[in-house]
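Undergrad:
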Amino acid sequence: MDTLTDSAFWTSSEFWITSAIIFILLFLSGVFSGSETALTAASKARIHKLQKDGSKRAAKVSKLIEDKERLIGAILLGNNLINILATSLATGLFLSLFGDEGIVYATLVMTALVLIFAEVLPKSYAIANPDRMALSVSGFIALIVAVFAPVIAVVQAIVRFTLKLFGRDISNIDNALTPHEEIRGAIDLQRAEGGLIKADKDMLGSILDLDEVTIEDVMIHRKSMEALDLSMTSDQIISAVVKSPYTRLPVFEGDIENIVGILHSKDVLRAMKRAGGQMHRFNVRRIMNKPWFVPETTTLREQLNAFLERKAHIALVVDEYGAIQGLVTLEDILEEIVGDIADEHDFDIPGVRKGADGVIDVEGTVTIRDLNRKFDWHLPDDEATTVAGLVIHEAETIPIAGQKFTFHGYQFEVCSRKRNQVTALKIKKLT
Numbered sequence: 012m013d014t015l016t017d018s019a020f021w022t023s024s025e026f027w028i029t030s031a032i033i034f035i036l037l038f039l040s041g042v043f044s045g046s047e048t049a050l051t052a053a054s055k056a057r058i059h060k061l062q063k064d065g066s067k068r069a070a071k072v073s074k075l076i077e078d079k080e081r082l083i084g085a086i087l088l089g090n091n092l093i094n095i096l097a098t099s100l101a102t103g104l105f106l107s108l109f110g111d112e113g114i115v116y117a118t119l120v121m122t123a124l125v126l127i128f129a130e131v132l133p134k135s136y137a138i139a140n141p142d143r144m145a146l147s148v149s150g151f152i153a154l155i156v157a158v159f160a161p162v163i164a165v166v167q168a169i170v171r172f173t174l175k176l177f178g179r180d181i182s183n184i185d186n187a188l189t190p191h192e193e194i195r196g197a198i199d200l201q202r203a204e205g206g207l208i209k210a211d212k213d214m215l216g217s218i219l220d221l222d223e224v225t226i227e228d229v230m231i232h233r234k235s236m237e238a239l240d241l242s243m244t245s246d247q248i249i250s251a252v253v254k255s256p257y258t259r260l261p262v263f264e265g266d267i268e269n270i271v272g273i274l275h276s277k278d279v280l281r282a283m284k285r286a287g288g289q290m291h292r293f294n295v296r297r298i299m300n301k302p303w304f305v306p307e308t309t310t311l312r313e314q315l316n317a318f319l320e321r322k323a324h325i326a327l328v329v330d331e332y333g334a335i336q337g338l339v340t341l342e343d344i345l346e347e348i349v350g351d352i353a354d355e356h357d358f359d360i361p362g363v364r365k366g367a368d369g370v371i372d373v374e375g376t377v378t379i380r381d382l383n384r385k386f387d388w389h390l391p392d393d394e395a396t397t398v399a400g401l402v403i404h405e406a407e408t409i410p411i412a413g414q415k416f417t418f419h420g421y422q423f424e425v426c427s428r429k430r431n432q433v434t435a436l437k438i439k440k441l442t
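Take the sequence shown: its letter number 25 is residue 36 in the working numbering, and every next letter is one higher.
(1) How would you write the range of the alpha helix (DSSP H) that H404 sits in, first residue to last?
(2) Return yes when the Cβ of L176 is within less than 7 Å of the Cβ of A97, no when it is not.
(3) How many Å lie between K277 and L390 at the Cα?
(4) In chain order, what residues of the same chain have a beta carbon less than 7 Å from the beta carbon of K365, not counting five sequence neighbours either side?
(5) Check this for me: beta carbons of G84 and V166, under 7 Å apart or not?
(6) Do M144 and A49 have their C-beta atoms within less than 7 Å of each other?
(7) Have a look at P261 and H324 and give me their C-alpha separation to the nearest angstrom.
(8) Assuming Y136 contacts G45 (C-beta within less than 8 Å), just tell me the rounded distance between them.
(9) Who does G196 pair with in a DSSP beta bridge?
(10) With distances taken between CB atoms, is the gap from V329 to F304 smaller than 7 Å?
(11) Look at the alpha carbon of K209 and the alpha carbon of I348, and state the distance between them as a whole number of angstroms.
(12) Output needed for Q314: all residues of its chain with C-beta closer than 8 Å, excluding positions within five of it in sequence on either side, in chain order.
(13) Measuring alpha carbon to alpha carbon, tell me which residue in K67, E130, A164, V224 is nearest S147.
(14) Does the Cβ-Cβ distance between A406 and R428 come in under 7 Å?
(15) Reducing DSSP to helix, strand and coil, say where D213 ends up.
(16) Check this for me: beta carbons of A129 and S40, under 7 Å apart or not?
(17) What do you reckon, is the C-beta of S44 under 6 Å from a heavy atom of the ligand ATP?
(18) Please list the terminal residues of the continuous alpha helix (DSSP H) segment that includes D142.
(19) Am I right that V224 and T310 are in contact with their C-beta atoms under 8 Å? What's the rounded C-beta distance?
(20) Between which two residues does the alpha helix (DSSP H) holding H324 run?
(21) Out of curiosity, what's the CA-to-CA distance linking G216 and S54?
(22) On the CB-based measure, 16 or more other CB atoms within 10 Å of its CB, does G265 come out buried or exposed?
(23) Between E237 and the rest of its own chain, which residues show a CB-CB distance below 7 Å, the 5 nearest in sequence each way excluded?
(24) Helix, strand or coil for H59, going by three-state DSSP, please let me know.
(25) Are the CB atoms of R380 and D368 within a distance shorter than 7 Å?
(26) Taking the Cβ atom as the reference point for each residue, do T396 and D213 lie within a distance shorter than 7 Å?
(27) Report the residue from G205, K284, F43 whose alpha carbon sits nearest the alpha carbon of L154.
(28) Have a look at S24 and L124 and give me their C-alpha separation to the nearest angstrom.
(29) Would a C-beta distance cut-off of 7 Å place E346 and G362 closer than the cut-off?
(30) Using beta-carbon positions only, say whether R312 and D222 come within less than 7 Å of one another.
(31) Can the beta-carbon of I335 be found closer than 7 Å to that of E268?
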């Protein structure tokens with residue numbers, strides 16, 4: 012009788028000890044699972060800032076995520092060891108209680124426990140608090156990575172060798188996305204999720220585009236460029252300066268191709284004051300500044316830096332042959348970032364008007380970038396800068412008024428044409 016009692020007591024103690032070990036192992040498995048999610052989802056920017064502020068835990072996190080292959084390998088190795096050990100103990104426990112049927116019970120119970128408490132629960136918490144959890148587990152995971160380092164090195168070698176057999180070499184693989192692409196993707200995601208308004212998205216996107224957009228895309232074309240003829244009388248020049256909405260005007264001699272200077276309205280006022288009303292003493296050549304010529308292929312970032320370095324606000328744009336194509340100002344580049352900058356002297360020139368039927372009336376000189384930004388369209392601007400240029404490029408001819416074209420998911424109708432220039436169109440987005 013005493014022997015049976017001792018055996019029953021021993022079996023009961025073994026049951027509770029084994030059960031406790033299984034739950035401890037499930038807890039550790041949850042820590043591993045949550046750590047994997049937290050460390051891969053943690054904000055690099057915030058971790059970097061905390062590291063600069065002196066956080067030792069942030070420094071550990073930063074070091075861990077530098078080598079994600081080793082980090083994930085160590086976490087998976089630890090997690091699988093724990094899950095297998097917990098499942099083995101549970102199988103032995105259920106076999107002792109239910110016999111051969113215990114295998115089925117152990118499989119069902121452990122699947123439910125691992126799924127809920129070792130996978131879904133910790134990963135859900137980690138997704139909701141990635142930075143906080145990453146900082147909390149950094150010390151423990153750093154120890155695990157150090158302990159398993161030799162084993163992980165062997166595993167990595169086996170994995171890479173196996174992939175090489177199938178023609179896939181990952182030994183020197185770099186991040187597929189550039190920093191700009193990652194930032195742009197984050198901006199688009201935040202906009203889609205409602206975290207950013209359209210104006211903010213456009214502004215941030217335009218900053219990233221500064222290295223891709225050239226001044227040819229934003230310049231004022233020579234046909235729309237306002238300039239002064241040096242042969243004009245002093246009264247005519249002063250009158251033109253007063254009427255102009257611009258403070259700086261190019262000055263040409265003989266032909267628009269021969270730009271000889273830039274005239275600033277303030278310099279005109281100073282010269283008029285010095286002349287004391289005696290207009291014969293007013294000399295444009297003495298007060299105009301030397302023109303600055305830049306190639307049309309210059310990027311907006313390069314031109315912006317050049318403007319800041321030279322403390323200039325205007326430059327003449329030339330092509331590869333040195334012919335004048337137009338002009339670009341500091342304001343043109345800033346408007347690409349922040350949108351139109353209007354003041355009390357700007358003329359309200361209608362270029363885009365949306366009709367009640369969804370049809371957009373557009374002047375031919377309106378740029379494709381402006382249309383895309385205004386209506387969230389995706390018209391290509393690789394081959395043409397203006398909407399008229401896009402139609403001519405796609406049609407491969409200069410269309411006449413009344414012609415309609417459909418491409419890129421939009422319908423274009425030419426409304427008017429002046430000589431060889433398409434001056435007005437109607438655009439409708441096709442559903």
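Virtual Cβ for every residue (Gly too), placed ideally from N, Cα, C.
Model, not experiment: these values are computed from the prediction.
TA: Let me lay it out:
(1) Boundaries of the alpha helix (DSSP H) harbouring H404: 398-406, taken from the DSSP string.
(2) In this structure, L176 does not lie closer than 7 Å to A97 by Cβ.
(3) Approximately 41 Å between the Cα atoms of the pair.
(4) Close CB contacts of K365 within its chain, under the 7 Å cut and outside five residues either way in sequence, are with I371 (chain order).
(5) yes
(6) yes
(7) 12 Å
(8) 6 Å
(9) Bridge partners of G196: none, in fact.
(10) For the 7 Å CB-CB criterion, V329 and F304 form a contact.
(11) 13 Å
(12) I226, V305, A326, V339, I344
(13) K67
(14) no
(15) helix
(16) A129 is a Cβ neighbour of S40, given a cutoff of 7 Å.
(17) Absence of the ligand ATP from the depicted structure is noted, as is the absence of any ligand whatsoever, leaving it without description.
(18) 141-158
(19) 7 Å
(20) H324 -> no alpha helix (DSSP H), and no H or E assigned at all.
(21) 21 Å
(22) exposed
(23) S255, Y257, L260
(24) helix
(25) no
(26) For T396 and D213, no; Cβs fall outside 7 Å.
(27) Measuring from the Cα of L154, the nearest candidate turns out to be F43.
(28) 22 Å
(29) In this structure, G362 does not lie closer than 7 Å to E346 by Cβ.
(30) yes
(31) yes
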